[in-house]
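Each protein sequence line maps, in turn, to chains A and B.
Heads up: the first sequence at position 157 corresponds to 157 in my numbering, and the numbers run straight through without jumps.
Take any residue in the second sequence, count from 1 to its spot, add 298: that is its number in my numbering.
Glycine included, each C-beta is placed from N, C-alpha and C at the ideal position.
For clarity, every value in this text was computed on a predicted model and none was experimentally measured.
See structure below.
Number of protein chains: 2
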Amino acid sequence: MDVDTRLLRSFLAVAEEGSLTRAAERVFVSQPALTKQVRQLETLLGVRLFDRSRAGMALTGPGRELARLAPRVLTAWEDALRATHTAQRQAARVLRVGFLASAANEATQEIVAAFARRRPGWRTELRQAAWSNPSAGLATGDVDAALLRLPFPGQDALRVEPLFSEPRWIALPSTHRLAACDTIAFRDLWDEPFVAAPADTGSWRDHWLAADEREGHPVRIGAVTEQPDDWLNAIANGYGIALAPRSAARFYARPGVVYRPVTGVSPTQVGVAWAPADDHHPVVQDFVHCCLDTARPT
Amino acid sequence: MDVDTRLLRSFLAVAEEGSLTRAAERVFVSQPALTKQVRQLETLLGVRLFDRSRAGMALTGPGRELARLAPRVLTAWEDALRATHTAQRQAARVLRVGFLASAANEATQEIVAAFARRRPGWRTELRQAAWSNPSAGLATGDVDAALLRLPFPGQDALRVEPLFSEPRWIALPSTHRLAACDTIAFRDLWDEPFVAAPADTGSWRDHWLAADEREGHPVRIGAVTEQPDDWLNAIANGYGIALAPRSAARFYARPGVVYRPVTGVSPTQVGVAWAPADDHHPVVQDFVHCCLDTARPT
DNA sequence: GACATCCATTCCAGCAGGTTATAGGTGCAG
DNA sequence: CTGCACCTATAACCTGCTGGAATGGATGTC
């Protein structure tokens with residue numbers, strides 16, 4: 001008895017939403033298509049999975065059982081998928097490196113070049129991650145190594161080597177009252193609204209709000225963004241200001257946004273991270289050494 | 299990224315057979331269809347899974363990785379399927395009872411009737427299993443309880459209550475030189491070819507060959523059968539003789555086959571079995587009690 | 001040189017799956 | 001009561017995937 005995982009995903013969406021109409025939006029198909037998919041799954045199993053009513057779709061007992069176990073099928077498939085892709089990269093001599101916007105900046109090129117010298121025949125595949133994914137895909141095995149800003153959530157489960165540190169500056173809309181200053185004291189910004197990363201990034205978000213360096217003063221959030229582009233827009237449009245590494249002034253220059261040095265906040269660190277499973281993976285370790293050599297030349 | 303489990307099954311078949319042509323026979327599709335399925339999986343993943351050659355299909359590195367993990371996806375799905383069906387039966391008040399051909403015989407009807415009295419509203423679904431499946435589906439969760447001949451392989455992982463015992467007789471082709479005898483000594487049959495159960499049924503097969511009661515005398519196998527019908531045919535056609543419970547003489551009477559009492563072999567036991575997980579399942583336990591009450595009336 | 005044995009390709013028929021539009025209940029507000 | 005909002009189910013239609021049979025092409029064998 002065979003299923004398409006799509007049927008399971010649709011089923012779970014309906015089960016969670018309790019409504020075909022809403023689930024249809026979530027999985028990006030029309031409502032009649034979902035009706036058919038659910039019915040198809042039901043005929044395949046020979047089991048009624050939902051009680052239909054005008055109010056929506058409610059799981060039956062057997063439906064609950066399936067809703068409990070179907071996610072395992074999906075994760076088993078995702079695992080298989082990931083492992084296959086990892087093996088593929090290995091065979092194709094591709095090292096996947098995740099990075100957050102503005103992580104290593106100019107150092108990145110040097111690191112990649114150094115790695116190319118050390119491992120001729122290997123290619124690096126750089127993959128930029130959204131801020132909602134502060135381990136840049138390392139936690140899920142989507143990349144082999146990552147260049148990150150420290151600290152980040154989930155750091156304890158990974159290996160991390162700090163590479164260098166960089167002062168934090170502040171990004172302001174050019175119309176801001178303080179935009180004219182050469183240098184700004186952080187305490188003068190405590191009451192300003194900030195553009196923040198999504199809440200689920202935890203300590204990483206707090207770091208960029210300098211939550212620990214406000215002497216208990218509360219943070220005002222003016223906007224939440226997931227990507228550099230949105231972030232720049234939010235600042236330019238005056239929704240708030242944001243701390244940023246100094247290098248952002250070069251890499252994320254943009255009309256309407258100015259960067260100024262800030263006193264009273266600690267610098268930020270860039271690190272390279274990898275999965276413990278790769279502690280003895282020669283290629284990954286070579287990459288890590290390239291990072292260290294580039295950042296702290298001996 | 300969604301897959302149909304059929305693709306995974308096909309992929310595994312090709313991986314195991316090392317040949318599209320052979321795998322195609324095994325999964326009952328044409329060879330071109332398999333060619334397409336494999337290619338489809340490869341394009342879906344963006345990974346070459348096989349090295350093609352005139353000799354056949356050899357897994358690549360990533361292919362091996364997928365072959366390692368794909369079975370987990372399939373078993374996860376089978377688990378989900380089973381759990382859903384189990385819940386379905388529960389909701390529909392159906393108790394599935396597996397039995398081997400000739401297990402409880404006339405007692406079966408009484409047991410079912412007693413259960414119907416004890417649990418009005420519940421239905422029993424009797425499911426006859428092939429001899430290649432001596433736990434009658436209990437080991438795989440396909441049934442809730444089973445009426446079996448003891449001992450059977452895998453018995454230790456299940457709960458078993460013996461119900462009654464019955465002398466073993468011998469089934470002979472009516473043309474057999476001993477068919478005329480009223481009673482036969484088992485030692486006179488040591489050199490006869492026997493019709494046996496498949497080899498993978500282990501101790502169950504041995505029990506019906508009375509392997510332990512031949513004083514070391516080797517067993518001759520005349521035929522291997524999986525089902526009562528084949529078994530009767532094999533005996534009637536003279537491929538061999540076979541031990542059988544006495545009640546088989548009534549339930550499996552057939553021209554060309556005669557049953558005779560045998561001296562020198564121990565009786566056979568019938569038992570009811572259930573999964574340890576159902577030790578406190580009220581309905582399963584009710585069924586077990588019905589079995590015990592019917593077999594050993596107090 | 002004929003043959004066997006692989007996998008790949010082509011062509012065709014059938015159906016599964018999607019979409020839009022619409023029907024058919026039911027609760028709620030005016 | 002009526003119109004509306006919100007469900008799910010159905011109808012009609014179209015596209016493209018999928019599988020089967022036949023065939024091709026490469027290669028090793030007798």
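Quick one: Cα of residue i to Cα of residue j, how far?
| i | j | result |
| --- | --- | --- |
| phenylalanine 164 of chain A | phenylalanine 152 of chain A | 16 Å |
| glutamine 37 of chain A | phenylalanine 11 of chain A | 8 Å |
| proline 245 of chain A | alanine 185 of chain A | 16 Å |
| glutamine 567 of chain B | glutamate 376 of chain B | 33 Å |
| valine 224 of chain A | serine 203 of chain A | 15 Å |
| alanine 196 of chain A | arginine 254 of chain A | 19 Å |
| alanine 80 of chain A | valine 371 of chain B | 8 Å |
| leucine 232 of chain A | arginine 220 of chain A | 18 Å |
| arginine 149 of chain A | tryptophan 131 of chain A | 11 Å |
| alanine 547 of chain B | valine 563 of chain B | 17 Å |
| glutamine 155 of chain A | arginine 123 of chain A | 26 Å |
| threonine 201 of chain A | proline 134 of chain A | 7 Å |
| histidine 308 of chain A | leucine 342 of chain B | Nothing can be reported for residue 308 of chain A, as the shown portion of chain A is limited to 1 through 298. |
| phenylalanine 537 of chain B | aspartate 528 of chain B | Per the sequence shown, the amino acid found at residue 537 of chain B is tyrosine instead of phenylalanine. Computed Cα separation, rounded: 11 Å. |
| alanine 374 of chain B | alanine 76 of chain A | 7 Å |
| valine 338 of chain B | proline 369 of chain B | Before going further, note that residue 338 of chain B is glutamine rather than valine in the sequence given. Cα-Cα distance, rounded: 19 Å. |
| proline 496 of chain B | aspartate 504 of chain B | 10 Å |
| arginine 425 of chain B | tryptophan 572 of chain B | 14 Å |
| serine 30 of chain A | glycine 61 of chain A | 27 Å |
| glutamate 511 of chain B | aspartate 51 of chain A | 59 Å |
| alanine 55 of chain A | alanine 444 of chain B | 42 Å |
| leucine 178 of chain A | arginine 187 of chain A | 13 Å |
| glutamine 109 of chain A | valine 262 of chain A | 27 Å |
| alanine 437 of chain B | leucine 456 of chain B | 8 Å |
| glutamate 340 of chain B | glutamine 88 of chain A | 12 Å |
| tyrosine 557 of chain B | arginine 324 of chain B | 39 Å |
| glutamate 490 of chain B | alanine 540 of chain B | 9 Å |
| tryptophan 169 of chain A | arginine 117 of chain A | 34 Å |
| threonine 319 of chain B | aspartate 2 of chain A | 22 Å |
How is the beta strand (DSSP E) around residue i delimited, first residue to last?
| i | result |
| --- | --- |
| threonine 263 of chain A | 257-263 |
| leucine 126 of chain A | 123-129 |
| leucine 243 of chain A | 242-245 |
| leucine 189 of chain A | Taken as a continuous stretch (DSSP letters only), leucine 189 of chain A belongs to no beta strand (DSSP E), as it is neither H nor E. |
| threonine 566 of chain B | 566-572 |
| valine 27 of chain A | No beta strand (DSSP E) holds valine 27 of chain A; DSSP gives it neither H nor E. |
| phenylalanine 462 of chain B | 457-464 |
| alanine 443 of chain B | 443-448 |
| valine 517 of chain B | Element bounds for valine 517 of chain B: n/a, residue is neither H nor E. |
Residue i lies in the alpha helix (DSSP H); which residues open and close that run?
| i | result |
| --- | --- |
| phenylalanine 549 of chain B | 546-549 |
| threonine 481 of chain B | First-last for threonine 481 of chain B: undefined, no H or E at that position. |
| glutamate 16 of chain A | 5-17 |
| valine 288 of chain A | 282-295 |
| serine 501 of chain B | 501-507 |
| leucine 232 of chain A | 228-236 |
> What are the residues of the region 378-390 of chain B that lie near chain A, defined by any Cβ-Cβ distance shorter than 8 Å?
Replying inline: Ala378, Leu379, Ala381, Thr382, His383, Thr384, Ala385, Gln386, Gln388 and Ala389
> Listed from N- to C-terminal order along the chain, which residues in the region 32-64 of chain A have their beta-carbon within a distance smaller than 9 Å of any beta-carbon of chain B?
Replying inline: Leu45, Gly46, Val47, Arg48, Leu49, Thr60, Gly61, Pro62, Gly63 and Arg64
> Do three or more CB pairs link the region 565-582 of chain B to the region 463-475 of chain B at distances below 8 Å?
Replying inline: yes
>> As an exercise, report each continuous alpha helix (DSSP H) stretch of at least 4 residues that is fully enclosed by the region 34-99 of chain A, in chain order.
In response: 61-92
> Can you list, in chain order, the residues of the region 3-27 of chain A whose Cβ is nearer than 9 Å to any Cβ on chain B?
Replying inline: Val3, Asp4, Thr5, Arg6, Leu7, Leu8 and Arg9
>> Taking beta-carbon pairs under 9 Å, can you tell me which members of the region 402-420 of chain B lie near chain A?
In response: none
> Relative to chain B, which residues along the region 142-154 of chain A have a C-beta separation below 9 Å, given in chain order?
Replying inline: none
> Is there contact here, the region 281-293 of chain A with the region 54-67 of chain A, by at least three beta-carbon pairs under 8 Å?
Replying inline: no
> If you measure beta-carbon to beta-carbon, which residues of the region 252-266 of chain A are closer than 7 Å to chain B?
Replying inline: none
> Can you list, in chain order, the residues of the region 264-287 of chain A whose Cβ is nearer than 9 Å to any Cβ on chain B?
Replying inline: none
> What residues in the region 362-376 of chain B bring their beta carbon closer than 7 Å to a beta carbon of chain A?
Replying inline: Glu363, Leu364, Leu367, Ala368, Arg370, Val371, Ala374 and Trp375
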